[in-house]
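Participant:
There are 2 protein chains.
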Amino acid sequence: MRTIETIAEVKEARREFQGVVGFVPTMGYLHEGHLALVRRARMESDYVVVSIFVNPTQFGPQEDFQRYPKDIPRDLGLLKKEGVDLVFIPSVEQMYPAGFSTYVEEGRLTRRREGASRPTHLRGVTTVVAKLFNIIEPTRAYFGQKDAQQALVVKKMVDDLNMNLEIVAVPTVREADGLAMSSRNTYLNAQERQAATILWKSLCLAEEVWAQGERDANRVREKMTKLIESEPLASIDYVSIADAWALGELEEILPPALVSLAVKIGPVRLIDNVTLR
Amino acid sequence: MRTIETIAEVKEARREFQGVVGFVPTMGYLHEGHLALVRRARMESDYVVVSIFVNPTQFGPQEDFQRYPKDIPRDLGLLKKEGVDLVFIPSVEQMYPAGFSTYVEEGRLTRRREGASRPTHLRGVTTVVAKLFNIIEPTRAYFGQKDAQQALVVKKMVDDLNMNLEIVAVPTVREADGLAMSSRNTYLNAQERQAATILWKSLCLAEEVWAQGERDANRVREKMTKLIESEPLASIDYVSIADAWALGELEEILPPALVSLAVKIGPVRLIDNVTLR
């Protein structure tokens, strides 16, 4: 497994890869969710490339860029075990040299949910992902379904800009009690960790009432909201029920519908989602 | 010479090109300026691809998108003579299907001049060019120095987004009296055509006073302005003297400096530039 830190070197290394290249972009501090992406890539590709880059342009000014958790040696150990061929770990200066001024922005799917709550977040994601796609030139790139809006927006960018790769969304990996794996879970203290199960519980509630025949999106949102509000440490950022393609907010639930939410547990903002089919 | 109208087919045709691919994006209605780009590409490439696409996203609502001149049979005849391998002529629906929502935008070089006068013009250019680069995957792409700001902005986009090609800017081709070749010259009536020489005359004046030792940008701008205002059919949009890399407006002229201007001759907006070295 090679580890490369500069764009020039990774482009050179890429030229030697003849065949299917699977790419997993990450911000590091890897967990089973990331490894599920890597395993899927490994299964489907001749070469697997993983990037580790905590991307400053997708963090807001008050967000956790500075304290985002980091453990590169541990990450590299995990990736080596999965048979990864190349790990790209650029510096911020490599990716955003002085005077950087070009952004890629999707304007429809990004308006609500994460786009509304974190105004420049998704623009930062599309920009860094466009850069990484140009650097790595993968056949396929793998994204976690946990960040459902992100995966959809990246797919839309690839379609709109005619990029030469396929986006694969991989199911969310969960802890035993249903909490979606996330590097940010590490911010939770024991009490908050317990309270954080309310996200998954509220998504299960949505699936349950949907299975029972409920089609009124507002009633489902209300039930979820009520349940989350019963948890004293939780405060809701948004609860959304939207069509799973264009992410238009729904009144009547028509499958496939994406039920997604962002909830602060104490100071820690968590997101999760399920698709009603 | 093949002519292709769909993105899928051109991507397929591209796969057969092994070697250096030179690409000239155009809006058609070709003149000697375009042909200079094609000849340069032909000289340096194994395969030459030309696109003809009048790109709606780079026109403002009050601009000449609907009446932009068009003569595809004549264009194809000219390109065939130059030994072009592939001409890509997509429809608007091919390039911008319903729901299109992703744009590429450069935010520094685009703020003044064409960016200020035509607010979404350069965003339209970077977006369509990014798409065409992904579709054609050229080794090099050729742009006319006449649209100097456009060429710089495209270069910046390629650098910032780590795109895998080189941008080549080719010197402006002029009529015998100095008027820069442009498809929009066709809009000029005989009287306006005569008046249009004022752009080149004012650029020559700038070069002359620069050669005489003038270093004060405001004095040069004033002299150019005065000369242009002596032409009754001319009305100035902007006269700019900027550093030729970052396009910051200058007080003291330090070479290389880009002297650029946009002037309306009657109803027709024309642009031109020279670089002081």
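Chains A and B are the protein sequences, given in the same order.
Numbered by numbering that gives the first Met the number 0, the letters in the first sequence go through residues 0 to 276 in order.
Numbered by numbering that gives the first Met the number 0, the letters in the second sequence go through residues 0 to 276 in order.
We put the CB at the ideal spot given by N, CA and C, even for glycine.
Since this is a predicted model, take the numbers as computed values, not measurements.
(1) If you reduce the DSSP assignment to three classes, tell me which class Gly21(A) lands in.
(2) For Lys155(B), which of helix, strand or coil comes out of DSSP?
(3) Using DSSP's beta-bridge definition, name the partner residues of Tyr237(A).
(4) Can the beta-carbon of Lys145(A) be found less than 8 angstroms from the beta-carbon of Asp271(A)?
(5) Judging by CA-CA distance, which residue of Val20(B), Ile6(B), Gly82(B) is the nearest neighbour of Phe52(B)?
(6) Closest to Met26(B) by CA distance: which of Pro96(B), Arg41(B), Ile71(B) is it?
(7) Taking Pro106(B) as the query, report the chain A residues whose CB atoms sit under 9 angstroms from its CB, ordered along the chain.
(8) Would you say Val258(B) and Leu246(B) are within 8 angstroms of each other, going by their C-beta atoms?
(9) Give every residue of the same chain whose Cβ lies closer than 8 angstroms to the Cβ of Tyr46(B), excluding the five residues on either side of it in the sequence, and list them in chain order.
(10) Name the chain B residues whose beta carbon is nearer than 8 angstroms to that of Met156(A)?
(11) Name the DSSP beta bridge partners of Gly143(B), please?
(12) Taking 8 angstroms as the threshold (C-beta atoms), are Ile3(B) and Phe87(B) in contact?
(13) Since Leu275(B) is in the beta strand (DSSP E), which residue starts that stretch and which ends it?
(14) Run through chain A and tell me which residues come within less than 7 angstroms of Met162(B), C-beta to C-beta.
(15) Where Val273(B) and Arg214(B) are concerned, what is the direct C-alpha to C-alpha distance, given to the nearest angstrom?
(16) For Ile240(B) and Arg268(B), which I take to be in contact (beta-carbon distance under 8 angstroms), what is that distance rounded to the nearest angstrom?
(17) May I ask you to report which of helix, strand or coil DSSP gives Phe132(B)?
(18) Measuring straight from C-alpha to C-alpha, what distance separates Asn278(B) and Asp63(B)?
(19) Count the other C-beta atoms from every protein chain shown that fall within 10 angstroms of the C-beta of Asp176(A), then say buried if there are 16 or more, exposed otherwise.
(20) Report the three-state DSSP secondary structure of Val208(B) (helix, strand or coil).
(21) Where does Ser44(A) sit, in a helix, a strand or coil, going by DSSP?
(22) Helix, strand or coil for Ile3(A)? Go by DSSP, reduced to three states.
(23) At what residue ranges does the segment 35 to 91 of chain B contain a whole run of the alpha helix (DSSP H), taking only runs of 4 or more?
Facilitator: In this structure, then:
(1) Counted from its first residue, the first sequence places residue 21(A) at position 22. Note: Gly21(A) maps to strand in three-state DSSP.
(2) The count along the second sequence starts at 1 and reaches residue 155(B) at position 156. Helix, per DSSP.
(3) As a working note, residue 237(A) is residue 238 in the first sequence. Beta-bridge pairing links Tyr237(A) to Ala261(A).
(4) By one-based count along the first sequence, residue 145(A) stands at place 146. By one-based count along the first sequence, residue 271(A) stands at place 272. Cβ distance < 8 angstroms, so Lys145(A) and Asp271(A) count as in contact.
(5) Taking the second sequence and counting its residues from 1, the one referred to as residue 52(B) is at position 53. The shortest C-alpha separation from Phe52(B) is found at Ile6(B).
(6) For this step, residue 26(B) is matched to residue 27 along the second sequence. Selected option, being the one with the closest Cα: Ile71(B).
(7) As a working mapping, residue 106(B) is identified with position 107 in the second sequence. As written in the sequence, residue 106(B) is Gly, which differs from the Pro given in the question. In chain order: Ser100, Thr101, Tyr102.
(8) Translated into the one-based positions of the second sequence, residue 258(B) becomes position 259. Translated into the one-based positions of the second sequence, residue 246(B) becomes position 247. Going by C-beta atoms, Val258(B) is not nearer than 8 angstroms to Leu246(B).
(9) Here residue 46(B) corresponds to residue number 47 of the second sequence, with the count starting at 1. Here the set comprises Phe16, Gly18, Val19, Val20, Gly21, Asp84, Leu85.
(10) Walking along the first sequence from the start, residue 156(A) turns up at place 157. Ordered by position in chain B, the residues that pass the 8 angstroms Cβ test against Met156(A) are Thr101.
(11) Stepping through the second sequence from its first residue, residue 143(B) is reached at position 144. DSSP lists Val169(B) as partners of Gly143(B).
(12) Position 88 of the second sequence holds residue 87(B). Position 4 of the second sequence holds residue 3(B). In contact: Phe87(B) and Ile3(B) (Cβ atoms closer than 8 angstroms).
(13) The residue you call residue 275(B) lines up with position 276 of the second sequence. Leu275(B) -> beta strand (DSSP E) spans 267 to 275.
(14) Taking the second sequence and counting its residues from 1, the one referred to as residue 162(B) is at position 163. Within chain A, the residues near Met162(B) are Asn133.
(15) Position 274 of the second sequence, counting from 1, holds the residue named residue 273(B). Position 215 of the second sequence, counting from 1, holds the residue named residue 214(B). Distance between the alpha carbons of Val273(B) and Arg214(B): 16 angstroms.
(16) Mapped onto the second sequence, residue 240(B) falls at position 241. Mapped onto the second sequence, residue 268(B) falls at position 269. At roughly 20 angstroms, the Cβ-Cβ gap does not stay under 8 angstroms, so Ile240(B) and Arg268(B) are not in contact.
(17) By 1-based counting over the second sequence, the position of residue 132(B) is 133. Helix, per DSSP.
(18) Past the edges of chain B, shown from 0 to 276, lies residue 278(B), and the structure says nothing about it.
(19) By 1-based counting over the first sequence, the position of residue 176(A) is 177. That one is exposed.
(20) Within the second sequence, the letter at position 209 stands for residue 208(B). In the structure shown, Val208(B) sits in a helix (DSSP, three-state: H, G or I).
(21) The residue you call residue 44(A) lines up with position 45 of the first sequence. In this structure, Ser44(A) counts as coil in the three-state DSSP scheme.
(22) The residue given as residue 3(A) occupies position 4 in the first sequence. Strand at Ile3(A).
(23) 71 to 80
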